[in-house]
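Engineer:
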Amino acid sequence: MSKISSVLWILACAMTFISCGSDSIGDSYSEVPKDPFFGSPIYDPQNYELTEKGFLLGRRLFFDPILSLDNSVSCNTCHDQSHAFADHNVPFSMGVDGKIGPRNSPGLFNLAWKKHFMWDGGINHLEVVSIAPIEDSLEMNIPLREVLKKLNQSTTYQKLFQEVYGQGPINSFQMLTALAQYMAQLVSNESKYDQVLRGKSKFTPMEQQGFDLFQTHCQHCHTPPLFTDQSYRNNGLSSYRETEFGRARVTLLETDRHLFAVPSLRNLAFTYPYMHNGSMRSLEQVIDHYSDHMILHPNLDPFFKIEGNVRRLQFSKDEKEALISFINTLNDYEFIKKYHFSE
Numbered sequence: 015m016s017k018i019s020s021v022l023w024i025l026a027c028a029m030t031f032i033s034c035g036s037d038s039i040g041d042s043y044s045e046v047p048k049d050p051f052f053g054s055p056i057y058d059p060q061n062y063e064l065t066e067k068g069f070l071l072g073r074r075l076f077f078d079p080i081l082s083l084d085n086s087v088s089c090n091t092c093h094d095q096s097h098a099f100a101d102h103n104v105p106f107s108m109g110v111d112g113k114i115g116p117r118n119s120p121g122l123f124n125l126a127w128k129k130h131f132m133w134d135g136g137i138n139h140l141e142v143v144s145i146a147p148i149e150d151s152l153e154m155n156i157p158l159r160e161v162l163k164k165l166n167q168s169t170t171y172q173k174l175f176q177e178v179y180g181q182g183p184i185n186s187f188q189m190l191t192a193l194a195q196y197m198a199q200l201v202s203n204e205s206k207y208d209q210v211l212r213g214k215s216k217f218t219p220m221e222q223q224g225f226d227l228f229q230t231h232c233q234h235c236h237t238p239p240l241f242t243d244q245s246y247r248n249n250g251l252s253s254y255r256e257t258e259f260g261r262a263r264v265t266l267l268e269t270d271r272h273l274f275a276v277p278s279l280r281n282l283a284f285t286y287p288y289m290h291n292g293s294m295r296s297l298e299q300v301i302d303h304y305s306d307h308m309i310l311h312p313n314l315d316p317f318f319k320i321e322g323n324v325r326r327l328q329f330s331k332d333e334k335e336a337l338i339s340f341i342n343t344l345n346d347y348e349f350i351k352k353y354h355f356s357e
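Just so we're aligned, residue 15 is where the sequence shown starts under this note's numbering, counting upward by one.
(1) Below 7 angstroms CB to CB, which residues in the same chain sit around Y62 once its five sequence neighbours on both sides are set aside?
(2) Find the nearest neighbour of V210 within the set P239, E321, N185 and C235, judged by alpha-carbon distance.
(3) Secondary structure at M108, three-state DSSP: helix, strand or coil?
(4) Straight-line CA distance for L22 to K164?
(5) Measuring straight from C-alpha to C-alpha, what distance separates S33 and G72?
(6) Grouping DSSP H, G and I as helix and E and B as strand, with all else coil, what is M294?
(7) Could you pull the DSSP bridge partners for N342 from this structure?
(8) Can you give me the start and stop residues for the alpha helix (DSSP H) that V69 sits inside?
(9) Of the residues S215, S278, E45 and D208, which one's Cα is nearest the Cα of Q195?
(10) Closest to E256 by CA distance: which of D270, S245, Y246 and Q244 is it?
(11) Y179 to Q188, Cα distance in whole Å?
(12) Kindly identify the DSSP beta-bridge partner or partners of R247.
(13) On the DSSP bridge list, what partners appear for V264?
(14) What did DSSP end up calling I350 once you bin it into helix, strand or coil?
(15) By the 10 Å Cβ neighbour count, where 16 or more other Cβ atoms means buried, how is Q328 classified, buried or exposed?
(16) How long is the line joining the alpha carbons of C235 and L273, rounded to whole angstroms?
(17) Measuring CA to CA, which of S86, I137 and A126 is closest to T265?
(18) Using 10 angstroms around the beta-carbon of D346, count the other beta-carbons present and answer buried if the total reaches 16, otherwise exposed.
(19) Let me know the secondary structure DSSP gives N166 once reduced to three states.
(20) Quick check on N313: buried or exposed, where buried means 16 or more other Cβ atoms within 10 Å of its Cβ?
(21) Alpha carbon to alpha carbon, how far is Q199 from G115? Give it in angstroms, no decimals.
(22) Please work out which residues of its chain come closer than 6 angstroms, Cβ to Cβ, to G121, disregarding the five sequence neighbours upstream and downstream, and give them in chain order.
(23) Whose C-alpha, out of D111, H307 and R261, is nearest the C-alpha of L83?
(24) Please state if the CB of L310 and the CB of N291 are separated by a distance shorter than 8 angstroms.
(25) Less than 8 angstroms between the CB atoms is what I'm expecting for Y43 and F69, so what's the real figure, rounded?
(26) So, for H93: in the same chain, excluding its five sequence neighbours on each side, which residues have a beta-carbon less than 6 angstroms away from its beta-carbon?
(27) Quick check on the DSSP output: what are the complete alpha helix (DSSP H) runs of length 4 or more inside the segment 177-226, in order along the chain?
(28) Taking the alpha-carbon positions, what's the F51 to S168 distance?
(29) Specify, as a first and last residue, the run of the alpha helix (DSSP H) that E149 falls within.
(30) Please state if the CB of F241 and the CB of L337 are separated by a distance shorter than 8 angstroms.
(31) Tell whether a beta-carbon distance below 8 angstroms holds between W127 and I56.
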């Protein structure tokens, strides 16, 4: 083969790879996601078919600022893949016109197994979760009907929606289920912990020590393998704002004031700062909080109470290091670079 022929052959192979990577994902995302350790997913689309084109349409919408009032903010603006679909390491996200939200943007992964969404659990279906940021005045700040008007005025989106849902104007059901189909597939299950679970890796002695401590002190709230029990709890933060009701905003119960969703501990290396208010920037701060700094709150979780006082966990320096060593086994480096999730 001549030198010119070799170069042309290499270029042809490269173009074939790029073309296949960008245009087709096969049948990988045409069914409800599964994981043998996560249990049955809660996400259960009954009124629409999961398809490759539906996934790709949802992905396009997720990255498109057309969903905001002035075309400046997309879902990806506050949920970036390199940060496990959390925000870019800021306590609060910036929406349209530079407005700042009141809560930290969480990472988006393993959503197919979530019972409720948002820090207060105010939404209970993945198919409708996108309405909240779209219509929130501090985020995308646009009525859903106006988003649909913009989509229907786009010849590109008219074609894409017709390929998935057939002829007719684009409606909210189509837009929301396309987004849900994409978000449901954001599965993070390739961390070192997952490899240990599958018998393909082993913890180091320090990681094992941290895992043992975790089982004793942490897993009642951060239950493996999702590393959340999906409950709402008060963990003794000192920075609760009186205007922030937490779970009580949904239930209207005073006993739920300043209770927030227990987050997953997966991918914490990518999703700092931590807590619902983004008040802690490192895992050291988080563990120091439980070890030394919790305050007595009327709704403090019973696990942290003893004889009317705060039951602090009081980890030693070595124990803190071991816990962090284990928590770092939950970081999924494959997830944050997975090509099919990218724009």
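Built from N, CA and C at the ideal position, the CB exists for glycine as well. Quantities reported herein were computed from a predicted structural model and do not represent experimental measurements.
Structural biologist: Let me lay it out:
(1) Contacts found: T191.
(2) V210 has its Cα closest to that of P239, out of P239, E321, N185 and C235.
(3) Strand, per DSSP.
(4) In this predicted model, L22 has a pLDDT of only 43, less than 50, meaning its place in the structure is not dependable enough to derive any value.
(5) Interpretation of S33 is limited by its pLDDT of 39, a score under 50 that renders its predicted location unreliable; the figure taken from the coordinates is listed afterwards. Rounded to whole angstroms, S33 to G72 spans 20 angstroms at the Cα level.
(6) In the structure shown, M294 sits in a strand (DSSP, three-state: E or B).
(7) Answer by DSSP bridge pairing: none, since N342 is not bridged.
(8) It should be noted that the sequence gives Phe, not Val, for residue 69. Run containing F69: E66 to F76, per the alpha helix (DSSP H) assignment.
(9) Per the C-alpha coordinates, the member of S215, S278, E45 and D208 positioned closest to Q195 is E45.
(10) Selected option, being the one with the closest Cα: D270.
(11) Y179 and Q188: Cα-Cα distance of roughly 7 angstroms.
(12) Per DSSP, F274.
(13) BP columns for V264 are empty, so no partner.
(14) Residue state, collapsed to three classes: helix.
(15) Q328 is exposed by the Cβ-count criterion.
(16) C-alpha separation (whole angstroms): 13 angstroms.
(17) The shortest Cα separation from T265 among S86, I137 and A126 belongs to I137.
(18) Result: buried.
(19) Of the three classes helix, strand and coil, the one that applies to N166 here is helix, per DSSP.
(20) Residue environment analysis places N313 among the buried positions, since at least 16 neighbouring C-beta atoms fall within 10 angstroms of its C-beta.
(21) Approximately 26 angstroms, taken between the alpha carbons.
(22) Within the same chain, G121 has close Cβ partners A98, F99, A100, N281 and T285.
(23) Restricting attention to D111, H307 and R261, the CA atom closest to the CA of L83 is found in D111.
(24) No, the pair does not count as a contact, with Cβ atoms beyond the cut-off.
(25) Contact between Y43 and F69 holds: their C-beta atoms lie close to 4 angstroms from each other, under 8 angstroms.
(26) Spatial neighbours of H93 in its own chain (CB-CB distance under 6 angstroms, excluding positions within 5 residues in sequence) are listed in chain order as F99 and L122.
(27) Taking only runs of at least 4 residues, the alpha helix (DSSP H) segments lying wholly in the segment 177-226 are 186-198 and 206-211.
(28) Spanning the two alpha carbons is a distance of roughly 42 angstroms.
(29) Counting along the chain, the alpha helix (DSSP H) containing E149 begins and ends at I145 to E149.
(30) In this structure, L337 keeps its C-beta atom at 8 angstroms or more from the C-beta atom of F241.
(31) Inclusion of W127 and I56 in the CB contact set at 8 angstroms is warranted, their separation being smaller than that value.
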